[in-house]
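Enquirer: Using UniProt numbering, the first residue of the sequence shown is number 1, and each one after it goes up by one.
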Amino acid sequence: MLKARCEVMSGLERTQNAVILNGTRIDNDAVIATGARMVRSISEMEILTGVAANRIGVRFQKSKSQ
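1. Any idea what DSSP makes of Leu48, helix, strand or coil?
2. Which of the three DSSP states is assigned to Met9 in this structure?
3. Which residues in the same chain as Arg14 place their Cβ atom closer than 7 Å to its Cβ, once the five residues preceding and following it in sequence are excluded?
4. For Val39, which of helix, strand or coil comes out of DSSP?
5. Check Arg14 in the structure and name its three-state DSSP category.
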């Protein structure tokens, strides 16, 4: 059985007891809440919680000047 690597980009906020499964990609500045189980890749600045983790919001809003 092949095991894929987990790829974690910069700025990750991971809280206590969060589980990140092999083969997932966590993009820049994502937040994984306490006890969350990451079973899929997540996009930049997403906030996820739960088992299997679901998106509950976005960490920062991009300003119009960017």
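Idealized CB from N, CA, C, for every residue including glycine.
Everything numeric in this text was worked out from a predicted model, so none of it was measured.
Expert: Short version:
1. Position 48 of the sequence shown, counted from the start, is the residue given in the question as residue 48. Note: Leu48 maps to strand in three-state DSSP.
2. Taking the sequence shown and counting its residues from 1, one reaches residue 9 at position 9. DSSP places Met9 in coil when its eight states are reduced to three.
3. On the sequence shown, position 14 is the one that residue 14 refers to. Cβ contact annotation for Arg14 (same chain, cutoff 7 Å, sequence separation greater than five): Ile32, in chain order.
4. Counting from 1 along the sequence shown, the entry for residue 39 is found at position 39. Taken through DSSP and simplified to helix, strand or coil, Val39 comes out as coil.
5. Along the sequence shown, read from residue 1 onward, the residue named residue 14 stands at position 14. If DSSP states are grouped into helix, strand and coil, Arg14 belongs with the strands.
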